[in-house]
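See below for the structure under consideration.
There are 2 protein chains.
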Amino acid sequence: MTIDAALTEIFNLIGNRLTRSKSDLDLHGRSESHFPPSPPDAVAYPETTAEVAGIVSICARHGCPVVPWGVGTSLEGQAQAFQGGVTVDFTRMDKVLAVNAEDMDVVVQPGITREALNEELRATGLFFSVDPGANATIGGMAMTRASGTTAVRYGTMRDNVMGMEVVMADGQVIRTGTRARKSSAGYDLTALMVGSEGTLGLATELTLRLHGQPEAVSSAVCAFAAFDEAVDAVIETIQMGIPMARIEFVDAATARAFNIYAGANLPEVPHLMVEFHGSDRGAAEDAERFGEIANAHGATGFDWAVKPEDRTRLWRMRHNAAYACAALRPGARSLVTDICVPISRLAEAVNATRADIDASPLEGPILGHVGDGNFHAVILFDEASDAERTEALRLSGRMVDRALAMGGTATGEHGIGVGKLDYMAAEHGAAWGTMATLKRALDPLNILNPGKMVRLN
Amino acid sequence: MTIDAALTEIFNLIGNRLTRSKSDLDLHGRSESHFPPSPPDAVAYPETTAEVAGIVSICARHGCPVVPWGVGTSLEGQAQAFQGGVTVDFTRMDKVLAVNAEDMDVVVQPGITREALNEELRATGLFFSVDPGANATIGGMAMTRASGTTAVRYGTMRDNVMGMEVVMADGQVIRTGTRARKSSAGYDLTALMVGSEGTLGLATELTLRLHGQPEAVSSAVCAFAAFDEAVDAVIETIQMGIPMARIEFVDAATARAFNIYAGANLPEVPHLMVEFHGSDRGAAEDAERFGEIANAHGATGFDWAVKPEDRTRLWRMRHNAAYACAALRPGARSLVTDICVPISRLAEAVNATRADIDASPLEGPILGHVGDGNFHAVILFDEASDAERTEALRLSGRMVDRALAMGGTATGEHGIGVGKLDYMAAEHGAAWGTMATLKRALDPLNILNPGKMVRLN
């Protein structure tokens with residue numbers, strides 16, 4: 000069998016760092032997504048770029064699928080081996096290779112997690128800004144074009160990956176980008192790779208943009224009677240040019256989940272959670288101006304987190320929101336939806352989603368990154384019930400249809416994998432065919448994470 | 000002849016908006032670059048996307064080169080028809096199609112210039128930020144991945160183009176991106192097109208990110224005894240997180256050019272020109288903090304432009320710098336070099352460039368976007384002298400070699416065209432081959448702006 004032949008050669012290359020143990024296969028068959036387990040034929044733990052290139056070369060010769068793996072936090076099945084083959088686990092490639100403090104960049108291997116990276120950066124006064132909540136790997140975040148709570152100020156992975164070393168489908172190693180802050184030299188291969196979910200190449204090194212730790216941070220939570228008012232406050236804040244470091248929305252159901260899961264004491268109405276970064280004076284002024292705008296839109300119960308530990312508690316609560324929501328129905332599986340719309344349509348999109356879910360037998364708290372127009376419903380369903388799974392997918396599908404009709408996108412930050420494949424034609428039209436052309440050109444044998452992102456037949 | 004056959008069909012499509020008049024051909028054979036004129040066989044003035052698609056379809060059938068044209072301000076020969084064919088002039092596709100003020104975006108045709116766009120936006124309180132100096136078209140700026148003085152704060156065209164309508168090499172029309180602020184849905188075709196210089200497709204519509212006009216603007220110019228001191232001040236300012244809207248460097252020779260051309264009265268030493276945007280309090284605080292940092296690095300002669308007309312004068316002087324420098328040697332041609340390096344190496348790169356030029360018989364004032372690590376030397380040479388042209392190119396080549404050795408790029412914002420083709424292999428290695436693979440996949444007949452960006456044989 001072709002996969003067996005590939006595994007034999009890979010074993011010759013990396014020895015026991017290729018494993019077929021049941022526990023390893025099971026672990027790499029799962030993810031935090033709602034898809035059924037689908038283990039690979041083997042898991043490889045390379046330690047160097049040369050080993051990754053060797054593995055991919057072998058797989059190319061044998062037509063064996065290659066699936067990249069960070070820590071398995073992707074939500075659309077990106078890291079699952081639906082066609083078998085070799086999962087390449089980057090756990091052992093988790094080093095910081097260079098910190099360039101003056102240039103505010105860092106060079107890392109793909110397997111480092113964002114929390115580990117920020118731990119290593121702590122003494123430099125710099126930080127890596129992208130924060131999707133989960134402690135994902137940098138490689139996985141880049142390949143999913145992840146974003147999260149801070150994107151409104153510091154951008155997504157699109158904005159914060161300056162360059163990459165990539166193993167291509169034939170095993171060739173290329174470098175994209177430079178350490179310069181900008182360039183007009185050729186096609187933007189870095190941007191092409193970011194968000195490509197391992198279907199065009201495997202990242203083996205990444206150069207990331209860093210930001211200075213702010214002198215002052217100011218965080219708060221406040222309540223609104225209706226979501227529309229909250230959105231209007233956010234739009235006005237953005238238009239005034241007040242720089243928000245984070246601006247998060249949670250609905251009444253999520254507030255209830257926080258009360259139960261995190262012992263919060265929030266009124267069960269929509270809330271905004273905000274953060275400002277700047278100088279002592281600047282952050283205070285921004286917070287004050289936001290407060291005035293929010294109050295004019297009916298905000299109540301402003302709770303400013305003055306002490307660092309209060310801020311940590313506030314954002315830990317937000318980061319654990321998916322778990323808090325899931326706990327509303329013990330034993331249920333979550334389908335975490337993810338759409339992004341122009342902000343002028345956000346209130347309408349959220350309200351229509353809320354009405355859909357209220358009319359459904361399923362529960363589904365809503366929360367999101369209101370500054371970007373990106374939000375999620377955490378739809379809770381019984382994994383054993385086909386009817387409930389179908390209903391959860393129907394609710395997600397209605398959200399996507401609505402987002403596309405509003406000029407938005409099927410996914411703000413979770414990506415396509417297999418979970419959003421069915422919406423690609425509707426979102427992109429003929430451009431999805433262009434994506435398939437690129438895939439065929441760069442991976443003619445379709446060995447890199449096959450079945451994700453594009454359809455080739 | 001194949002080109003003649005194509006022209007006949009295009010004439011049938013758009014009538015007299017296809018022209019072969021000598022004045023039209025001459026105009027479109029030139030650019031602001033230093034390359035000898037190279038006129039196309041004809042110039043087409045389409046008015047709709049369908050006409051552009053029709054023209055490209057005809058050219059695809061006949062193997063006729065298609066060269067896109069905005070206003071001809073590109074500096075590396077991007078818009079010149081070195082292989083003949085049809086130049087597609089977008090002058091008649093210059094409309095604003097939609098202003099979405101709440102979403103802070105705008106949809107435009109490619110032929111609108113940035114100044115015309117900002118004129119149309121004036122009443123909205125919003126502006127389009129990218130400002131390369133020249134009053135280029137938005138289509139040309141996107142395709143060159145232009146940036147300029149405000150990139151340090153608001154980003155380059157990479158950051159400010161949200162989506163495009165593109166006519167592909169077979170005449171198919173695709174749409175890239177959405178009006179959502181972010182997306183993880185598929186390969187980033189928008190980023191692939193931005194900076195592709197018309198070699199992968201022709202932009203017929205662009206959706207752009209807008210920014211709020213700042214409440215307050217604070218500008219200044221100040222002098223330094225040595226460039227190193229100025230760079231150290233800039234690095235410290237960036238690391239402190241003080242948001243600069245512009246931070247421009249001019250050397251002593253440029254200061255002299257300003258004195259002669261613009262009637263300035265600057266000491267003939269290195270200068271920084273800065274601008275801060277924010278609230279009244281915020282911009283003032285930022286300016287004050289910058290002033291303290293600059294003074295600690297030996298800045299003198301701070302001249303704050305308080306009145307709007309003083310600011311206008313200051314930045315008009317900067318925008319006309321290339322003309323001011325050229326006027327130092329009447330009748331000479333300019334070769335405007337363009338490298339970008341990590342900012343930690345900027346002082347070294349500028350000083351080495353200065354020493355190179357001082358040792359050369361040619362004049363070459365240096366200026367640039369110090370916040371990005373991007374700078375230019377305006378090398379003045381006699382077009383009739385092969386020896387001087389060779390010397391100018393040698394100086395430019397040394398700058399590029401040095402930039403690449405420092406982890407930088409051959410071009411920060413002017414692009415590749417034909418002028419920087421010879422450096423692509425050195426900058427990108429095997430990744431340049433990947434670019435050629437993409438070009439072959441998307442333009443298999445090599446009709447779109449052939450001879451630029453990649454080499455196919």
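Which chain is which? The protein sequence lines are A and B, in order.
At position 119 of the first sequence the residue is numbered 118 (numbering that gives the first Met the number 0), and the sequence of numbers has no breaks.
At position 116 of the second sequence the residue is numbered 115 (numbering that gives the first Met the number 0), and the sequence of numbers has no breaks.
The C-beta atom is built at its ideal place from N, Cα and C for all residues, glycine as well.
Supposed contact pair residue j and residue i - C-beta distance, whole angstroms, cut 8 angstroms
i         : j         : result
LEU207(A) : ASN159(A) : 6 angstroms
ARG157(B) : ALA179(B) : Going by Cβ atoms, the distance from ARG157(B) to ALA179(B) rounds to 17 angstroms, so no, they are not a contact pair.
GLY84(B)  : GLU31(B)  : In fact, because the Cβ distance is near 21 angstroms, the residues do not count as touching under 8 angstroms.
HIS33(A)  : LEU334(A) : 5 angstroms
ALA298(B) : PRO269(B) : The pair is not a contact, with the Cβ atoms about 10 angstroms apart (cut-off 8 angstroms).
GLY414(A) : GLN82(A)  : Not confirmed; about 18 angstroms, so no contact.
THR148(A) : ARG317(A) : 7 angstroms
ASN445(A) : VAL66(A)  : ASN445(A) to VAL66(A), Cβ: 13 angstroms. No contact.
THR336(A) : ALA376(A) : 5 angstroms
THR90(B)  : TYR44(B)  : 6 angstroms
VAL106(B) : LEU120(B) : The pair is not a contact, with the Cβ atoms about 12 angstroms apart (cut-off 8 angstroms).
THR47(A)  : TRP68(A)  : Not confirmed; about 17 angstroms, so no contact.
HIS210(A) : SER128(A) : 5 angstroms
Contacting residues, own chain, Cβ-Cβ under 7 angstroms from residue i (five flanking each side not counted)
i         : result
GLY300(B) : CYS221, ALA222 and PRO266
LYS419(A) : GLU75, ALA409 and THR410
ILE246(B) : VAL151, VAL233, LEU271, VAL273, VAL369 and GLY370
ASN258(B) : ASN264 and LEU265
ALA351(B) : ARG401
Three-state secondary structure assigned by DSSP to residue i
i         : result
GLU114(B) : helix
ALA88(A)  : Position check: residue 88(A) holds Asp in this sequence, whereas Ala was assumed. ASP88(A): strand per DSSP, three-state reduction.
THR253(A) : helix
HIS457(A) : Residue 457(A) lies beyond the stretch modelled for chain A, which goes from 0 to 456, so this question has no answer here.
GLY138(B) : helix
GLU101(B) : coil
ARG332(A) : strand
PRO282(B) : In the sequence as presented, Pro is not what sits at residue 282(B); that position holds Ala. Helix at ALA282(B).
ASP130(A) : strand
ALA41(A)  : strand
THR148(B) : coil
GLY14(B)  : helix
GLU164(B) : strand
MET452(B) : coil
GLY290(B) : helix
LEU265(B) : coil
LEU444(A) : coil
GLU8(B)   : helix
GLU46(B)  : coil
Same chain, Cβ closer than 8 angstroms to residue i, five either side skipped, listed in chain order
i         : result
ILE234(A) : ILE342 and SER343
ALA358(A) : none
LEU12(B)  : GLU50, GLY53, ILE54 and ILE57
Own chain residues within Cβ distance below 6 angstroms of residue i, not counting five before or after
i         : result
ALA28(A)  : Just to set this straight, residue 28(A) is Gly in the shown sequence, not Ala. Cβ within range, chain order: PRO36, SER37 and PRO38.
GLU304(B) : Residue 304(B) is actually Ala in this sequence, not Glu. Hits under 6 angstroms: SER218, ARG310 and LEU313.
GLU288(A) : According to the sequence shown, residue 288(A) is Arg rather than Glu. So the qualifying residues of the chain are ILE241.
ALA286(B) : SER217 and PHE275
ILE57(B)  : ALA5, GLU8 and ILE9
ASN373(A) : CYS339, GLY367 and GLY411
*Taking the runs of the beta strand (DSSP E) that are 3 residues or longer, which of them lie wholly in the region 172-248 of chain B?*
172-176, 201-208 and 215-222
_Quick check for students: name the residue ranges of the alpha helix (DSSP H) that lie wholly in the region 343-383 of chain A, counting only runs of 4 or more._
As for any alpha helix (DSSP H) of minimum length 4 sitting wholly inside the region 343-383 of chain A, the runs are 345-357, ordered along the chain.
*asked:* Which runs of the beta strand (DSSP E) at least 3 residues long sit entirely within the region 50-76 of chain B? Give them in chain order.
replied: 65-68
*Taking only beta carbons into account, state which residues of the region 234-253 of chain A come closer than 9 angstroms to chain B, listed in chain order.*
For the region 234-253 of chain A, the set of residues with a beta-carbon nearer than 9 angstroms to any beta-carbon of chain B comprises ILE234, ILE237, GLN238, MET239, GLY240, ILE241 and PRO242, in chain order.
*Taking only runs that begin and end inside the region 385-442 of chain B, name each unbroken alpha helix (DSSP H) of 4 or more residues, in chain order.*
385-404, 423-427 and 429-441
*Where are the alpha helix (DSSP H) runs, 4 residues long or more, that stay fully inside the region 296-327 of chain B, in chain order?*
Whole alpha helix (DSSP H) segments, 4+ residues: 307-318 and 320-325.
*Give, in chain order, every residue of the region 418-448 of chain A whose Cβ lies closer than 9 angstroms to some Cβ of chain B.*
LYS419, TYR422, MET423, GLU426, HIS427, GLY428, ALA429, ALA430, TRP431, GLY432, THR433, MET434, THR436, LEU437, LYS438, ARG439, ALA440 and LEU441
*What are the residues of the region 179-212 of chain A that lie near chain B, defined by any Cβ-Cβ distance shorter than 8 angstroms?*
ALA179, ARG180, LYS181, SER182, SER183, ALA184, GLY185, TYR186, ASP187, LEU188, ALA190, LEU191, VAL193, GLY194, SER195, LEU199, HIS210 and GLY211
*Pull out every residue of the region 331-348 of chain A whose Cβ sits closer than 7 angstroms to any Cβ of chain B, in chain order.*
CYS339, VAL340, PRO341, ILE342 and SER343
_Counting only Cβ-Cβ distances shorter than 7 angstroms, please list the residues of the region 46-78 of chain B near chain A, keeping chain order._
For chain A, none of the residues of the region 46-78 of chain B brings a beta carbon within less than 7 angstroms of one of its beta carbons.
*Below 9 angstroms between beta carbons is the criterion; list the residues of the region 366-393 of chain B that meet it against any residue of chain A, in chain order.*
HIS368, GLY370, ASP371, GLY372 and ASN373
*Which residues, in order along the region 262-289 of chain B, keep a beta-carbon less than 9 angstroms from a beta-carbon of chain A?*
HIS276, GLY277, SER278, ARG280, GLY281, GLU284, ASP285 and ARG288
*When Cβ atoms are compared, which residues of the region 129-154 of chain B fall closer than 7 angstroms to chain A?*
Within the region 129-154 of chain B, the residues whose Cβ lies closer than 7 angstroms to any Cβ of chain A are, in chain order, THR143, ARG144, SER146 and ALA150.
*In chain order, what residues of the region 83-103 of chain B put their CB closer than 9 angstroms to some CB of chain A?*
ASN99, ALA100, GLU101, ASP102 and MET103
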